[in-house]
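Undergrad: This structure is in structure tokens; I'll ask about it shortly.
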DNA sequence: ACTTTATGATACACATTGTATCATTTCAAG
DNA sequence: CTTGAAATGATACAATGTGTATCATAAAGT
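Chains as they are written, first to last, in our numbering: chain A, 2 to 210; chain B, 2 to 210.
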């Protein structure tokens, strides 16, 4: 007799599940994944991602050890799933606002504010930064494309993009650690004066796009 | 019959060994550590720090497995030793030049250029960034102290310091990946226009300290 | 040459990962 | 509310990696 599933059938469920069926998502599945996500966030902020064993994790989540593997093949996959979901959320928020940079930034920071620990956890696991960069790249590549002519000639465009991404993430990381935190609008101003304006040194167009 | 050493006697050798004795450093010791360092750099750049087992490492270094533990208690300690040595080197270079920022930056980049793989490796292992920050903090805290009055009032000084550190490290990381690489002088100009100048928006004093 | 000490090789206890299996509980659909 | 399907808990297991211990050998320094 074969095992019902193991490492294949169930694992891919719920990922981009908009194929018309939408199988109704068993409560037990979402419950288990929620518990695992919460436990990972807690433990990562407490001792760091690398210092968590799967037995620690399943114990904290209060689920059986083997149950973990019915949802994710390993620890990194769980982290990645959380990351992907978070990125999708952020992109969904930013997309309608690409033409209004200031409001987009404010909306992003407001969104971060709804799950601070989650994003702190994602930023703490640094090897994920490259993936997180995708979300920022989404905005900054647009920025670069629109403002390429204004970037100082001695600075390569790729470097400018990377700088915008990295510096913004760095600011977010700092911001999430603060208590109390500056408002999204204040952060928008800081990002503008510290990161964006230096790329506009030649053109002095005021406050528009 | 006791074991000669194990995890205690030898491990601390050569760390800050300026206590008057300077026990002459057996060739075999420095050879082993050099082989381990080179192997770690290679393997980390190839597959990432987390994906290296100590058996991989000792095999690549061509030394016995148990020999590793006679020098470092674990993988992280080897990485840390390399990091500490590198930081000490950089601080030694920067210290005499604190009053000449432009020359200091150029000297730092020139130093990085002598062991690019080593610094790439250190920057690739992101959880070490906090420690690396110490080296940059050394310079930027000075910068902040000297220029505190010129930092825009809406930007906290700690955030300014963190931004300078993070953005500079990010630029270095980008620079080390390039081929060919811009000159240290060019990087100095980029750092100035992209990172430093925005902190001087109010005061327009020209090129001096 | 001679003493000291680092090394190589190997065996071992221990922890962690991922797989396999089965009885039990929970779900959702009729 | 029943009933079949599916997820869970518990447990055992092989495989791998870590760090310790030990001894014979090789290489260093004096």
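Cβ atoms here follow ideal geometry from the backbone N, Cα and C, with glycine treated the same way.
Since we're looking at a predicted model, the values are computed, not measured.
According to the neighbour-count rule (16 or more other Cβ atoms, all chains shown, within 10 Å of its Cβ), is residue 66 (chain B) buried or exposed?
TA: exposed
Undergrad: Against chain A, with Cβ distances strictly below 8 Å, would residue 189 (chain B) count as a contact?
TA: It does not: the Cβ of residue 189 (chain B) has no partner Cβ on chain A nearer than 8 Å.
Undergrad: Helix, strand or coil, according to DSSP, for residue 181 (chain A) in the structure here?
TA: coil
Undergrad: Taking Cβ-Cβ distances below 7 Å as the criterion, which residues of the region 152–168 of chain B are in contact with chain A?
TA: 153, 155, 156, 160, 163, 164, 167, 168
Undergrad: Taking just the CA atoms, how far does residue 174 (chain B) sit from residue 25 (chain B)?
TA: Annotation: residue 25 (chain B) to residue 174 (chain B) spans about 36 Å, alpha carbon to alpha carbon.
Undergrad: Please state whether DSSP places residue 135 (chain A) in a helix, a strand or coil.
TA: helix
Undergrad: Leaving aside the five residues before and after residue 161 (chain B) along the sequence, list all residues of the same chain whose C-beta is less than 8 Å from its C-beta, in chain order.
TA: Sequence-distant partners of residue 161 (chain B) (beyond 5 residues in either direction) whose C-beta falls short of 8 Å from its own C-beta, in its chain, are 145, 152, 200.
Undergrad: Is residue 171 (chain B) buried or exposed, if buried means 16 or more other CB atoms sit within 10 Å of its CB?
TA: By the neighbour-count rule (16 or more Cβ atoms within 10 Å), residue 171 (chain B) is buried.
Undergrad: For the alpha helix (DSSP H) that contains residue 66 (chain A), what are its first and last residues?
TA: 66–70
Undergrad: Alpha carbon to alpha carbon, how far is residue 91 (chain B) from residue 54 (chain A)? Give it in angstroms, no decimals.
TA: When the Cα atoms are used, residue 54 (chain A) and residue 91 (chain B) turn out to be separated by approximately 36 Å.
Undergrad: Would you list, in chain order, the members of the region 167–183 of chain A that have their beta-carbon closer than 8 Å to a beta-carbon of chain B?
TA: 167, 168, 171, 172, 175
Undergrad: In terms of residue numbering, what span does the alpha helix (DSSP H) encompassing residue 1 (chain A) cover?
TA: The question about residue 1 (chain A) has no answer, for chain A in this structure spans 2 to 210.
Undergrad: Is the Cβ-Cβ distance between residue 156 (chain A) and residue 195 (chain B) less than 8 Å?
TA: yes
Undergrad: Just to make sure I have the definition right: I need the residues of chain A whose C-beta is within less than 9 Å of the C-beta of residue 194 (chain B). Which are they?
TA: Under the 9 Å cutoff, chain A gives 153, 155, 156, 199, 202.
Undergrad: Starting from residue 100 (chain A), trace the alpha helix (DSSP H) in both directions and tell me its first and last residue.
TA: Neither: residue 100 (chain A) is in no alpha helix (DSSP H) and is coded neither H nor E.
Undergrad: Report buried or exposed for residue 59 (chain B), applying the criterion of at least 16 other Cβ atoms within 10 angstroms of its Cβ.
TA: Buried, because 16 or more other Cβ atoms sit within 10 Å of the Cβ of residue 59 (chain B).
Undergrad: From this set, A:177, A:176, A:169, which residue's C-alpha is nearest residue 193 (chain A)'s C-alpha?
TA: A:169
Undergrad: I'd like the list of long-range same chain contacts for residue 39 (chain B), defined as Cβ closer than 8 Å, with 5 residues on each side in sequence excluded.
TA: 62
Undergrad: Answer with buried or exposed for residue 29 (chain B), where buried requires no fewer than 16 other C-beta atoms within 10 angstroms of its C-beta.
TA: Residue 29 (chain B) comes out exposed.
Undergrad: Suppose the cutoff is 8 Å on Cβ atoms and the five residues either side in sequence are ignored; what does the same chain contact list for residue 198 (chain A) look like?
TA: none
Undergrad: Does residue 174 (chain A) come out as helix, strand or coil in the three-state DSSP assignment?
TA: helix
Undergrad: What's the call for residue 102 (chain A), buried or exposed, on a 16-neighbour Cβ count within 10 Å?
TA: The Cβ neighbour count for residue 102 (chain A), taken over all protein chains shown within 10 Å, is at least 16; the residue is labelled buried.
Undergrad: Closest by CA to residue 159 (chain A), which one among B:108, B:143, B:179?
TA: B:179
Undergrad: To which residues of the same chain is residue 56 (chain A) closer than 8 Å at the C-beta, ignoring the five residues directly before and after it?
TA: 66
Undergrad: Using CA atoms only, rank isn't needed, just tell me which of A:163, A:71, A:181, A:41 is closest to residue 120 (chain A).
TA: Taking residue 120 (chain A) as reference, the option from A:163, A:71, A:181, A:41 with the minimal CA-CA separation is A:41.
Undergrad: How far does the alpha helix (DSSP H) with residue 115 (chain B) in it extend, from its first residue to its last?
TA: First-last for residue 115 (chain B): undefined, no H or E at that position.
Undergrad: If we count the other Cβ atoms within 10 Å of its Cβ and call it buried at 16 or more, is residue 126 (chain A) buried or exposed?
TA: By the 10 Å Cβ count, residue 126 (chain A) comes out buried.
Undergrad: Thinking residue 109 (chain A) and residue 94 (chain A) are a contact (beta carbons under 8 Å), I'd like their distance in whole angstroms, please.
TA: Correct: roughly 6 Å between the Cβ atoms.
Undergrad: Output the distance between the C-alpha atoms of residue 80 (chain B) and residue 123 (chain B), rounded to the nearest integer angstrom.
TA: Cα to Cα, the separation comes out at about 8 Å.
Undergrad: Considering only the alpha carbon of each residue, which of A:113, A:69, A:86 lies closest to residue 32 (chain A)?
TA: A:69
Undergrad: Within 7 Å: the Cβ of residue 75 (chain A) and any heavy atom of the ligand ATP?
TA: With respect to small molecules bound, the structure shown includes none, and the ligand ATP cannot be examined in it.
Undergrad: Could you pull out every residue in the same chain whose Cβ sits closer than 7 Å to the Cβ of residue 176 (chain B), ignoring the five residues on either side in sequence?
TA: Only 182, 183, 188 meet the Cβ criterion.
Undergrad: Less than 7 Å between C-beta atoms, sequence neighbours within five positions excluded: which residues of the same chain meet that for residue 143 (chain B)?
TA: 99
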